[in-house]
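K.L.:
Sequential numbering of the sequence shown, starting at 1, is according to our numbering. Glycine included, every Cβ here is placed at the ideal spot set by N, Cα and C.
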Amino acid sequence: MQPILVTGAAGFIGFHVAKRLLDRGERVVGVDNLNDYYDPRLKRDRLAQLSVSDHFEFSEVDVADNASLVELFRAAKPGAVIHLAAQAGVRYSIENPDAYVQSNLVGFGNILEACRHHEVRHLVFASSSSVYGANTRVPFSEHDAVDHPISLYAATKKANELMAHTYSHLFRLPTTGLRFFTVYGPWGRPDMAPFLFARAIREGRPIKVFNNGAMRRDFTYIDDIAEGVLRTLDRIPSPMPSWSSDHPDPATSSAPYRIYNIGNSAPVDLLRFIELLEQNLGCCAEKHFLPLQPGDVVATYADTSALSRDTGFTPATPIEVGVARFAAWFNEYYG
1 MQPILVTGAA GFIGFHVAKR LLDRGERVVG VDNLNDYYDP RLKRDRLAQL SVSDHFEFSE
61 VDVADNASLV ELFRAAKPGA VIHLAAQAGV RYSIENPDAY VQSNLVGFGN ILEACRHHEV
121 RHLVFASSSS VYGANTRVPF SEHDAVDHPI SLYAATKKAN ELMAHTYSHL FRLPTTGLRF
181 FTVYGPWGRP DMAPFLFARA IREGRPIKVF NNGAMRRDFT YIDDIAEGVL RTLDRIPSPM
241 PSWSSDHPDP ATSSAPYRIY NIGNSAPVDL LRFIELLEQN LGCCAEKHFL PLQPGDVVAT
301 YADTSALSRD TGFTPATPIE VGVARFAAWF NEYYG
């Protein structure tokens with residue numbers, strides 16, 4: 001049985017995807033560079049959870065290091081690749097653009113070349129809802145053009161989609177890009193709003209509420225994200241016979257290529273999310289209201305009809321359930 005290679009396996013989404021693959025009996029090769037963008041201890045604790053399985057192997061490799069990545073592919077001989085390694089964060093991309101160029105562009109190029117030369121049957125990769133950028137028509141649809149990103153992070157994710165399509169067209173490499181919408185849940189990233197809010201509330205510090213709280217997010221629970229990744233992994237794309245070059249559909253192609261949104265399709269007011277955190281943590285938040293930050297969008301809202309039609313799966317974890325699970329894990333992990 002050929003293993004499935006998961007890049008970013010020590011990260012938030014990568015950890016949950018790898019665990020779900022192991023639970024269904026797959027062999028998994030995890031890859032991560034364990035950088036210090038946030039506390040590496042959390043990453044190592046995630047890896048410890050995965051390493052209890054005899055079917056899990058881990059390699060500390062940076063996808064931007066092409067020589068090491070090629071050697072890993074030669075040794076592991078993966079049948080499929082789930083590429084989740086990336087430099088994340090919208091605001092950080094304004095402060096440190098080179099990290100995004102190296103990880104998200106150079107690293108992704110290395111992944112594409114490795115998949116091409118090692119006859120990988122399917123590459124599933126992480127895109128982001130941030131590619132919708134200046135678009136305001138909601139819900140966001142994969143069939144809409146996404147030509148106006150408003151952060152470098154979003155631009156690199158859009159570039160990933162274009163790069164993947166090129167390899168699907170030139171080399172018939174099946175690729176599927178997944179646009180994730182505001183992922184949250186246990187083992188989440190410390191730089192994301194749910195974690196930042198929870199920590200500040202627990203420690204009695206004020207929380208920063210941008211755009212004076214007038215923001216809506218399509219919060220998507222991590223289990224729904226992981227299930228969506230596996231459903232799309234199992235559905236290898238083929239060329240779309242109805243695709244027309246006269247009216248090109250960005251979500252499909254004459255090549256073996258697809259793009260899907262994975263979101264809850266139920267935008268939640270940011271202040272409602274904070275209210276649920278307060279209830280589940282048993283503490284009230286002191287809110288510090290601030291203007292909209294560069295690179296941020298006011299609202300996100302996913303149209304997931306294509307995902308539902310093609311895989312039979314629609315994310316649907318209620319925000320009340322997801323926040324309660326996140327808060328329970330947060331209290332347990334941080335005592």
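Return the Cβ separation of D249 and H165 in integer angstroms, given the expectation that the two are a contact with Cβ distance under 8 Å.
P.N.:
With a Cβ gap of about 12 Å, D249 and H165 do not count as contacting.
K.L.:
Near S265, what residues of its chain come up, given a Cβ to Cβ distance below 6 Å and the 5 sequence neighbours on each side ignored?
P.N.:
Cβ within range, chain order: A302 and T304.
K.L.:
Rounding to the nearest angstrom, what Cα-Cα distance links V61 and D246 in this structure?
P.N.:
Between V61 and D246, the C-alpha separation is close to 43 Å.
K.L.:
Could you spell out the range, first to last residue, of the alpha helix (DSSP H) harbouring T156?
P.N.:
L152 to F171 is the extent of the alpha helix (DSSP H) around T156.
K.L.:
Taking the alpha-carbon of V29 as reference, which of A75, L42, R44 and I13 has the nearest alpha-carbon?
P.N.:
If we check each option's Cα against that of V29, A75 comes out closest.
K.L.:
Give me the residue from D54, N280, Y38 and S127 with the minimum Cα distance to E320.
P.N.:
The option with the nearest alpha carbon to E320 is N280.
K.L.:
Alpha carbon to alpha carbon, how far is R41 from F58?
P.N.:
Each residue's alpha carbon lies about 16 Å from the other.
K.L.:
How would you call C115, buried or exposed, if buried means at least 16 neighbouring beta carbons within 10 angstroms?
P.N.:
Its Cβ being crowded by 16 or more others within 10 Å, C115 is buried.
K.L.:
Inspect the beta-carbon positions of P241 and A255 and report whether they are closer than 8 Å.
P.N.:
It is not a contact, given that the beta carbons lie outside the stated cut-off.
K.L.:
Ignoring anything shorter than 4 residues or poking outside the region 264–310, list the alpha helix (DSSP H) runs there in chain order.
P.N.:
The qualifying runs are 270–281.
K.L.:
Determine whether the beta carbon atoms of S130 and Y153 lie at a separation below 8 Å.
P.N.:
Against a cut-off of 8 Å, the Cβ pair of Y153 and S130 comes out as a contact.
K.L.:
For V31 and R309, I'd like the C-alpha separation in whole angstroms.
P.N.:
Between V31 and R309, the C-alpha separation is close to 31 Å.
K.L.:
When you compare the CB positions of T220 and G263, do they come within less than 8 Å of one another, or not?
P.N.:
The answer is yes: Cβ separation under 8 Å.
K.L.:
Determine, using beta carbons only, whether I259 and H122 come nearer to each other than 8 Å.
P.N.:
No, the pair does not count as a contact, with Cβ atoms beyond the cut-off.
K.L.:
Give the C-beta separation of R189 and F12 to the nearest angstrom, bearing in mind that I take them to be a contact with Cβ-Cβ under 8 Å.
P.N.:
About 5 Å; that satisfies the 8 Å criterion.
K.L.:
Cα separation between V209 and R199?
P.N.:
Straight-line Cα distance between these residues: approximately 14 Å.
K.L.:
Thinking just about the alpha-carbon of each residue, which of R231, G228, H117 and P194 is nearest to the one in F326?
P.N.:
Minimum Cα distance to F326 is reached at P194.
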